[in-house]
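What follows is a single structure, written as structure tokens, with notes after it.
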Amino acid sequence: MQPKVSIMIPIWSEVDSLKVVVDGLYERIGDYIHEIFFIVAPQSSAACFNMCQRLASEHPEIQVMIQKVCPGLGHAYKQVFPHVTGTHMLVIDADDEMDLDTVPKMVAAAEQGYDLVLPTRWMPGGGVKGYDTMTYILNRGFQTIFRLVFLTPARDLTYGFKLFNTRLINEVDWWGEWHEIAMETTLKPLKLGYKYIEIPTWWKARTQGVSKINTLKRMRYVKFALRIRFANIKKRI
Numbered sequence: 202m203q204p205k206v207s208i209m210i211p212i213w214s215e216v217d218s219l220k221v222v223v224d225g226l227y228e229r230i231g232d233y234i235h236e237i238f239f240i241v242a243p244q245s246s247a248a249c250f251n252m253c254q255r256l257a258s259e260h261p262e263i264q265v266m267i268q269k270v271c272p273g274l275g276h277a278y279k280q281v282f283p284h285v286t287g288t289h290m291l292v293i294d295a296d297d298e299m300d301l302d303t304v305p306k307m308v309a310a311a312e313q314g315y316d317l318v319l320p321t322r323w324m325p326g327g328g329v330k331g332y333d334t335m336t337y338i339l340n341r342g343f344q345t346i347f348r349l350v351f352l353t354p355a356r357d358l359t360y361g362f363k364l365f366n367t368r369l370i371n372e373v374d375w376w377g378e379w380h381e382i383a384m385e386t387t388l389k390p391l392k393l394g395y396k397y398i399e400i401p402t403w404w405k406a407r408t409q410g411v412s413k414i415n416t417l418k419r420m421r422y423v424k425f426a427l428r429i430r431f432a433n434i435k436k437r438i
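When we follow my numbering, the leftmost residue of the sequence shown carries the number 202, and every step to the right adds one.
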């Protein structure tokens with residue numbers, strides 16, 4: 202059965218890059234798109250809201266939602282989850298940092314029966330463009346630590362870019378309220394034994410918007426990851 206892909210795009214004042222992402226998705230997986238959720242931070246610019254409405258008028262699959270509890274990426278996920286009606290959910294940012302050419306490969310993997318498709322920057326065929334030296338070292342360090350703690354061969358455990366079967370929305374108890382949801386949607390399914398695959402991907406630095414991640418937040422995410430690792434986690438259903 203062909204996947205019906207629901208797409209969630211968290212938005213914080215992106216304008217031109219948002220259009221690039223949406224146009225790229227329709228160009229690459231248009232036949233698979235079931236619905237797209239724009240979850241927009243209320244602090245976003247007027248230009249951003251205008252772009253959201255423009256794209257929604259061009260594509261009936263797009264629903265524009267204003268984030269009710271903000272800030273907090275986890276709150277955005279939890280606001281969107283109850284409205285998802287597709288078979289699979291793709292999470293991709295509006296800043297055009299994530300490689301659109303990876304998306305068709307992700308959908309193809311879902312067609313093969315994988316519950317979780319994880320693009321990774323840290324395997325042959327993948328990589329990063331635009332990281333400063335310290336960010337590169339910190340990110341690689343975090344990935345190595347998490348792999349050891351979780352005893353998993355998966356290599357990009359904190360990356361928010363992913364595709365998963367929408368069964369996971371109801372079968373997993375999601376805790377994250379902030380950006381830690383990006384790693385939670387990988388770590389918990391891995392711990393619960395869902396079938397996954399990694400696909401190489403490239404990341405490039407954003408040209409619009411401002412990253413909300415800093416070193417202090419990364420340290421908080423380590424604590425959150427340890428909570429997941431040692432908790433007695435079970436499927437809801």
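For glycine and all other residues, C-beta sits at the position ideal for the given N, C-alpha and C.
Point to revise | Extent of the continuous alpha helix (DSSP H) to which Y397 belongs | key: Careful: Y397 lies outside any alpha helix (DSSP H), inside the beta strand (DSSP E) at Y397 to P401.
Review point. Which word fits H289, buried or exposed, when buried means at least 16 other C-beta atoms lie within 10 angstroms of its C-beta?
Key: buried
Review point. Since P320 is in the beta strand (DSSP E), which residue starts that stretch and which ends it?
Key: L317 to T321
Exercise for review: Go to S245, then tell me how far its beta strand (DSSP E) extends in each direction, as first and last residue.
Suggested key: Neither: S245 is in no beta strand (DSSP E) and is coded neither H nor E.
Review point. Going by alpha carbons, who is nearest to L391 out of P354, E259, V308 and G377?
Key: P354
**Study point:** Top-ranked residue by Cα proximity to H235, from E259, G273, T286 and S246
**Key:** T286
Practice item. Quick one: using the 10 Å Cβ neighbour count with 16 as the cut-off for buried, is P243 buried or exposed? Key: So P243 counts as exposed.
Exercise for review: Using the Cα positions of D294 and I400, report the straight-line distance between them to the nearest angstrom.
Suggested key: Taking the straight line joining both Cα atoms gives about 18 Å.
Exercise for review: Write down every uninterrupted run of the alpha helix (DSSP H) in the stretch 301-386 whose length is 4 residues or greater and which is fully enclosed by it, in chain order.
Suggested key: 304-312, 334-351 and 368-372
Check your understanding: Buried or exposed: H284, going by 16 or more other Cβ atoms within 10 Å of its Cβ?
Key -> exposed
Check your understanding: Helix or strand or just coil, what does DSSP make of K269?
Key -> coil
Check your understanding: Ends of the beta strand (DSSP E) at H276?
Key -> H276 -> not in any beta strand (DSSP E); alpha helix (DSSP H) instead, spanning L274 to V281.
Practice item. Check each candidate in T367, I210, R229 and R348 and name the one with the smallest Cα separation from F238. Key: When only C-alpha atoms are compared, the closest one is I210.
Practice item. Quick one: grab the DSSP three-state call for L393. Key: coil
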